[in-house]
Amino acid sequence: MTAPETKALPSTSGTGERRPDTDAGAGPPRKVPPRRRPRAWRWTDMMETAGSLVAAFFLTWLLFTRLLPFRVMPVAFAVVWYALFLPIHWLVTKDGQGRPAAKDRLVTVLIGTGAMFAFAPIVFVIGYVGYRGLKVLRPNFFTETMQIVGPLSKATEGGALHSIIGTLEQLALATAIAVPLGVLTAVYLSEIQGPLARPVRLVADAMTALPSIVAGLFVYSLLIKPHLWLQSGILGSLALAILMLPTVTITAEQVLRVVPGSLREAALALGAPYWRSVLLVVLPTARAGLATAVILGMARVVGETAPVLMTTGGTTVLNTNPFSGHQDNLPLFVFTQIRSSQETQVERAWGGALILLVVVLLLFVLARIAGSAGSGRRRARFPGRGGQRRGR
Amino acid sequence: MQPTGPEGSVTSDMPEKGPHAQEPRKLEARLTDADRLYRAFVASGAGATLVLITLIGVFLLIGALPALRTAGLSFLTTQPWAPDGQPPKFGVAAMMFGTFVSAAVAMVITVPVAVCTSLFINEYAPRSLRRGLTSLVDLMAAIPSLIFAIWGLFLLVPLLQPIEDWAVAQFGGWMPLMEASATGGSLFNAGLIIACMAIPITTSIIREVLAQAPRHECEGALALGGTRWGMITAVILPFGRSGIVGGSMLGLGRALGETLAATLILSIAFEIKPRILENGGITVASGIAIEFRDAQELGLSALMAAGLALFLVTFAINFLAALVANRSRPGAGA
Chain S
1 MTAPETKALP
11 STSGTGERRP
21 DTDAGAGPPR
31 KVPPRRRPRA
41 WRWTDMMETA
51 GSLVAAFFLT
61 WLLFTRLLPF
71 RVMPVAFAVV
81 WYALFLPIHW
91 LVTKDGQGRP
101 AAKDRLVTVL
111 IGTGAMFAFA
121 PIVFVIGYVG
131 YRGLKVLRPN
141 FFTETMQIVG
151 PLSKATEGGA
161 LHSIIGTLEQ
171 LALATAIAVP
181 LGVLTAVYLS
191 EIQGPLARPV
201 RLVADAMTAL
211 PSIVAGLFVY
221 SLLIKPHLWL
231 QSGILGSLAL
241 AILMLPTVTI
251 TAEQVLRVVP
261 GSLREAALAL
271 GAPYWRSVLL
281 VVLPTARAGL
291 ATAVILGMAR
301 VVGETAPVLM
311 TTGGTTVLNT
321 NPFSGHQDNL
331 PLFVFTQIRS
341 SQETQVERAW
351 GGALILLVVV
361 LLLFVLARIA
371 GSAGSGRRRA
381 RFPGRGGQRR
391 GR
Chain C
393 MQPTGPEGSV
403 TSDMPEKGPH
413 AQEPRKLEAR
423 LTDADRLYRA
433 FVASGAGATL
443 VLITLIGVFL
453 LIGALPALRT
463 AGLSFLTTQP
473 WAPDGQPPKF
483 GVAAMMFGTF
493 VSAAVAMVIT
503 VPVAVCTSLF
513 INEYAPRSLR
523 RGLTSLVDLM
533 AAIPSLIFAI
543 WGLFLLVPLL
553 QPIEDWAVAQ
563 FGGWMPLMEA
573 SATGGSLFNA
583 GLIIACMAIP
593 ITTSIIREVL
603 AQAPRHECEG
613 ALALGGTRWG
623 MITAVILPFG
633 RSGIVGGSML
643 GLGRALGETL
653 AATLILSIAF
663 EIKPRILENG
673 GITVASGIAI
683 EFRDAQELGL
693 SALMAAGLAL
703 FLVTFAINFL
713 AALVANRSRP
723 GAGA
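In order, the protein sequence lines correspond to chains S and C. Reading the first sequence from the start, the letters are residues 1 to 392 in the numbering used here. Reading the second sequence from the start, the letters are residues 393 to 726 in the numbering used here.
Below is the structure:
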């Protein structure tokens with residue numbers, strides 16, 4: 001596993017101080033010099049950045065307190081600071097190291113900013129949900145239902161047991177429906193490539209864009225409205241399975257396609273029939289990716305509110321039978337509680353949201369463990385295939 | 393394999409090509425009975441998927457027919473939603489407008505942020521952080537939209553309210569989109585929350601595609617003295633164009649179909665409001681979620697028509713994305 005050191009180097013640091021690493025496979029008697037690690041930045045770069053930041057700060061300060069008749073709003077201050085920092089930084093770098101380097105540096109800052117915008121929400125979401133949720137989470141949240149809780153009860157009374165049970169059952173049922181079907185379809189698409197492959201792929205691709213509410217609407221108007229089947233957990237699972245199916249299929253197909261063709265051919269060359277080569281070679285090789293596909297599908301649907309809103313009915317009573325009677329589930333619990341006008345109910349919704357978040361985190365960690373265990377084994381067996389694993 | 397002639401191609405992956413290798417030899421494989429069983433089994437699975445998914449589209453169409461027949465072309469131009477009224481008066485104009493505006497707001501934010509984040513993780517972040525950041529993005533993609541929606545409702549929107557008020561007060565006069573009488577439950581805010589949900593999934597896909605950019609070409613670009621940005625524009629972005637389009641389209645699909653953010657944040661109003669910072673609006677998905685409980689016969693049919701319209705839009709977008717992705721793939725190499 002010798003992934004090439006691709007530490008990127010801006011041309012600016014290409015001064016004569018670096019020498020090519022020629023020490024790698026030299027003869028044993030020669031003394032090995034300490035390995036040089038090329039760095040992507042220098043201290044002067046840092047100083048330039050810091051200086052630009054300070055300059056922009058004081059320019060902004062000057063602008064706001066001396067020149068403009070605006071009140072100093074922290075947000076506006078930050079925005080102007082940033083807006084001034086970019087050109088200053090560009091000019092400073094251009095002066096010292098030329099235009100391409102300046103552009104490179106500017107883009108680095110912009111990309112970093114963009115990445116920050118992506119990562120900031122996650123921190124705030126987890127932090128805020130944790131903060132609000134922990135205030136109401138008591139052990140009874142996991143053992144009681146909302147059956148005897150009135151609108152004036154305290155937020156710590158009552159619980160979401162009925163919703164948790166509902167979520168677990170519906171998720172399990174949806175997975176049980178969607179995963180076998182999805183993996184079979186993926187095997188068909190990537191291994192058999194029969195006449196159905198084109199239409200199936202087209203339709204599955206189209207279905208990834210199926211709005212979740214439409215899946216709910218489908219089940220609602222097909223089964224519930226004509227009174228063929230009353231609202232119940234299994235109908236929720238059905239709607240969720242419809243949503244999971246394309247995700248699982250497409251992800252699994254991509255994973256199967258990454259399996260090196262030489263492995264298949266080797267299995268066939270050794271005389272294995274197709275079904276054995278798929279079952280014993282292709283699928284195990286892709287196990288990590290398949291686990292990811294399944295988890296991706298589960299994660300897509302576990303928090304789906306729209307379809308279960310239309311199909312499971314929603315209730316405050318514990319109902320462990322997903323096949324008959326209304327059933328609640330966590331997203332629905334959060335949704336109904338948060339829309340209530342009672343402050344205590346809203347508080348309880350955050351408890352539900354926190355549990356939902358933890359469930360998702362658990363699923364996620366499980367997926368990672370499954371995935372890395374699988375790929376670790378694969379790595380041990382095929383040490384030369386580093387390039388194949390890039391990507392997932 | 394025979395030794396290559398002098399004209400043996402260098403660019404091909406296969407180093408040697410004999411004169412008879414112009415077309416692949418016909419391979420004949422005998423299938424065992426178990427193989428046939430396996431094929432039939434797998435094919436039946438694929439067939440079931442096909443049937444199930446097709447059924448949804450067909451059923452929606454059948455269900456939507458009565459409403460479409462009643463409303464005719466006015467279905468596309470009417471704003472109010474009263475399909476069970478006397479006389480029934482309903483259409484998707486306001487819903488579609490809200491859907492598109494909020495999705496557009498979301499995409500304007502999502503695509504640049506997602507591309508930046510993917511590049512940051514792949515090219516800029518320290519090697520030791522890379523795995524962690526990748527996991528973080530995947531984790532974000534897994535967080536239910538409901539949680540983003542309530543977070544937005546309780547934290548982000550109140551936080552932005554003063555800024556939006558300020559923007560409306562300062563620029564409302566001369567920027568046509570920003571006039572508003574009240575802010576908060578606006579399409580812009582809904583779009584913002586939807587962007588929060590769409591960013592991770594888009595980033596996740598784009599990052600994965602960009603990571604597959606041929607490393608030797610990247611290193612070549614650097615070795616020739618290019619800057620990192622030069623390497624990105626010369627190698628990675630051209631390679632990943634299809635991935636960027638595909639990932640963005642998937643994000644757009646999610647943005648169009650997002651129900652909860654719109655349901656919770658928008659102040660419901662079945663009318664077209666061109667000022668994106670103003671309270672009020674409706675999207676197709678949230679319209680369905682709100683109206684389905686009270687819907688009678690024609691009402692349900694009308695909702696299905698709206699759902700069908702939304703689905704057709706998302707389908708068309710997906711189809712376009714597939715076309716774009718396929719066309720740019722050969723140029724992207726690999």
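Yeah, the Cβ is synthetic: ideal placement off N, Cα and C, and Gly gets one too. In this text, all values refer to a predicted model and were calculated from it rather than measured experimentally.
Of all C-beta pairs linking the segment 121-138 of chain S to the segment 347-355 of chain S, three or more are shorter than 8 Å, placing the two stretches in contact. Residue contact with chain C for S:F119: present (Cβ-Cβ distance below 8 Å to some residue of chain C). When the Cα atoms are used, S:L217 and C:I445 turn out to be separated by approximately 14 Å.
Under a criterion of Cβ atoms nearer than 7 Å, the residues of chain C adjacent to S:R368 are, in order, S527. Taking a Cβ-Cβ cut-off of 7 Å, the neighbours of S:W275 in chain C comprise A426, D427, Y430, given in sequence order.
The three-state reading of DSSP puts C:N581 in helix, counting H, G and I together. Within the segment 260-326 of chain S, the complete alpha helix (DSSP H) segments at least 4 residues long are 261-269, 287-302, 306-311, listed from N- to C-terminus.
Among the residues of the segment 303-330 of chain S, those with a Cβ less than 8 Å away from any Cβ of chain C are G303, E304, T305, A306, L309, M310, in the order of the chain. Within the segment 492-503 of chain C, contact with chain S at the beta-carbon level (separation under 7 Å) is assigned to no residue.
Looking from the CA of S:V359, the closest CA among S:L91, S:S52, S:M298 belongs to S:M298. Remark: C-beta atoms of S:A197 and C:I591 do not approach each other more closely than 8 Å.
The segment 499-507 of chain C makes no contact with the segment 537-556 of chain C; the number of CB pairs closer than 8 Å stays below 3. Fewer than three pairs of CB atoms, one per stretch, sit closer than 8 Å, so the segment 232-247 of chain S makes no contact with the segment 685-699 of chain C.
Contact between the segment 260-276 of chain S and the segment 204-218 of chain S is not established, with fewer than three Cβ pairs separated by less than 8 Å.
For C:F631, the uninterrupted alpha helix (DSSP H) segment begins and ends at 629-649. Within the same chain, Cβ atoms closer than 6 Å to the Cβ of S:Q337 are found at Q345, R348, A349, the five residues on either side in sequence being excluded.
As computed with DSSP, C:I660 is found in a beta bridge with C:G673.
Neighbours of C:L442 in chain S, taken as residues whose beta carbon is under 9 Å from its own, are T185, L196, P199, V200, V203, A204 in chain order. Taking CB atoms only, C:W621 has a neighbour in chain S less than 8 Å away.
Going by C-alpha positions, C:I674 is about 39 Å away from S:T108. Here the alpha carbons of C:T619 and S:M47 stand approximately 20 Å from one another. In this structure C:A440 touches S:L181 by the C-beta definition: roughly 6 Å separates them, less than 8 Å. Here the segment 529-548 of chain C makes no contact with the segment 677-694 of chain C; the two share fewer than three CB pairs at distances below 8 Å. Within chain S, the residues whose beta carbon sits less than 7 Å from that of C:I555 are V75, listed in sequence order.
Among the CB atoms of chain C, one or more fall inside 8 Å of the CB of S:M207.
In its chain, beyond the 5 residues on either side, G455, A456, P458, A459 have a beta carbon closer than 7 Å to the beta carbon of C:S693. One Cα belongs to S:T292, the other to S:R368, and the distance between them is close to 8 Å. Distance check between S:A267 and each of S:A252, S:L283, S:L202 places S:L283 closest, using alpha-carbon atoms only. Secondary structure note for S:E169: its alpha helix (DSSP H) is the uninterrupted segment 161-187.
By the Cβ criterion, the segment 516-528 of chain C is not in contact with the segment 650-667 of chain C, since fewer than three pairs of Cβ atoms, one from each stretch, lie closer than 8 Å.
For C:A486, the enclosing alpha helix (DSSP H) has its first and last residue at 485-511. C:N710 is positioned such that its CB atom lies no closer than 8 Å to that of C:G622.
Per DSSP, reduced to three states, the secondary structure at C:W543 is helical. Of S:V259, S:E304, S:V258, the smallest CA-CA separation from C:A681 is found for S:E304.
Take the alpha-carbon of S:T251 and the one of C:P479: they are about 48 Å apart. Under the Cβ distance rule, S:K225 counts among the residues neighbouring chain C, one pair being separated by less than 8 Å.
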